[in-house]
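Colleague: Chains as they are written, first to last, in the numbering used here: chain A, 146 to 277; chain B, 146 to 277. Note that the Cβ used here is the ideal one computed from N, Cα and C, for glycine as well. One structure, as structure tokens, below. Some questions next.
2 protein chains.
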Amino acid sequence: MMKAKNRILSSAREHDSLAAILTDHKMAALGDAFINFAYSLALSARRGVPSGAKVRGSLLAEGLRRAGLRQYIPSGVSSHELADAAEALVVYAWLRDCITLEETVSLLEKNDDLAEGLRELLQKIIHRIRPS
Amino acid sequence: MMKAKNRILSSAREHDSLAAILTDHKMAALGDAFINFAYSLALSARRGVPSGAKVRGSLLAEGLRRAGLRQYIPSGVSSHELADAAEALVVYAWLRDCITLEETVSLLEKNDDLAEGLRELLQKIIHRIRPS
């Protein structure tokens with residue numbers, strides 16, 4: 146995976162702050178695909194049946210707030226943009242090898258409350274990320 | 146990843162034939178999330194910009210036909226079901242470690258023609274899979 150990861154990262158606009166990552170809407174579009182796949186795996190493992198699912202934006206936004214990341218995003222943005230911010234940060238962390246797919250699935254799988262799983266995931270990420 | 150993979154595989158209904166895999170609609174639901182993530186990564190690497198995208202069902206169906214897999218699926222099924230079959234097989238192969246995410250992304254990335262990338266992916270998979 147490293148080759149594609151590096152090519153995506155090197156081409157992405159520079160992220161000199163957490164705020165820059167959280168407001169990168171292109172990164173959020175990729176993050177949407179990542180988080181839906183990870184959640185589909187988590188749900189499949191929990192249910193014991195292969196499943197496909199999407200993570201609701203309201204839960205992503207709630208996870209972001211609980212993780213204390215709301216302060217890095219301009220006030221007045223929509224809940225949709227908060228969800229985008231969470232998606233952008235998660236896949237950015239994955240691209241930078243700060244978090245693995247396995248870890249993401251495991252965190253989402255063990256929490257009955259998905260927003261709580263997302264909070265835990267986001268907090269783990271911000272403790273590990275050092276924006277360049 | 147192995148833990149979640151094994152739990153999903155062990156719980157999935159037994160796949161004693163290629164036809165059984167190709168017609169597993171629950172596996173297809175998980176496969177949809179996998180293939181969209183892999184394609185989003187491939188597109189991001191090609192474009193040099195993080196991107197999210199879905200693989201159109203018609204292209205999945207076309208890739209399946211070109212890979213010579215049409216014969217394993219009952220006649221008269223819809224194009225949607227052919228797309229499901231391709232999605233089910235791809236993620237089944239990933240769950241069984243017959244193909245990696247990296248390899249999938251690489252195959253989709255190098256082909257200008259997405260249906261051709263899917264054909265190559267599916268043919269690689271059937272050469273590797275030994276249904277239990």
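Taking just the CA atoms, how far does Y184 (chain B) sit from F182 (chain A)?
Modeller: 12 angstroms
Colleague: Should the region 258-275 of chain A be called in touch with the region 198-213 of chain A, which here means at least 3 C-beta pairs below 8 angstroms?
Modeller: Three or more pairs of CB atoms, one per stretch, sit closer than 8 angstroms, so the region 258-275 of chain A contacts the region 198-213 of chain A.
Colleague: Enumerated in chain order, which unbroken segments of the alpha helix (DSSP H) with a length of 4 residues or greater are wholly contained in the region 151-231 of chain B?
Modeller: 163-167, 170-192, 202-211
Colleague: Can you find a C-beta in chain A that's less than 8 angstroms from the C-beta of V194 (chain B)?
Modeller: The beta carbon of V194 (chain B) sits closer than 8 angstroms to some beta carbon of chain A.
Colleague: Just to make sure I have the definition right: I need the residues of chain B whose C-beta is within less than 7 angstroms of the C-beta of S189 (chain A). Which are they?
Modeller: Near S189 (chain A) (Cβ distances below 7 angstroms), the residues of chain B are I153, L175.
Colleague: Please check if any C-beta of chain B sits within less than 8 angstroms of the C-beta of L167 (chain A).
Modeller: no
Colleague: Just to make sure I have the definition right: I need the residues of chain B whose C-beta is within less than 9 angstroms of the C-beta of S162 (chain A). Which are they?
Modeller: Correct list: empty, because the minimum Cβ distance to chain B is about 17 angstroms.
Colleague: Who are the Cβ neighbours of D177 (chain B) in its own chain at under 6 angstroms, not counting the five residues just before and after it?
Modeller: E232
Colleague: Buried or exposed, going by whether 16 or more other CB atoms sit within 10 Å of the CB of E159 (chain B)?
Modeller: Classified as exposed, E159 (chain B) has fewer than 16 neighbouring CB atoms from the shown chains inside 10 Å of its CB.
Colleague: Could you tell me whether the Cβ of S185 (chain B) comes closer than 8 angstroms to any Cβ of chain A?
Modeller: yes
Colleague: Looking at the secondary structure, which residues open and close the alpha helix (DSSP H) in which T245 (chain B) lies?
Modeller: Premise fails: T245 (chain B) is in no alpha helix (DSSP H) and is neither H nor E.
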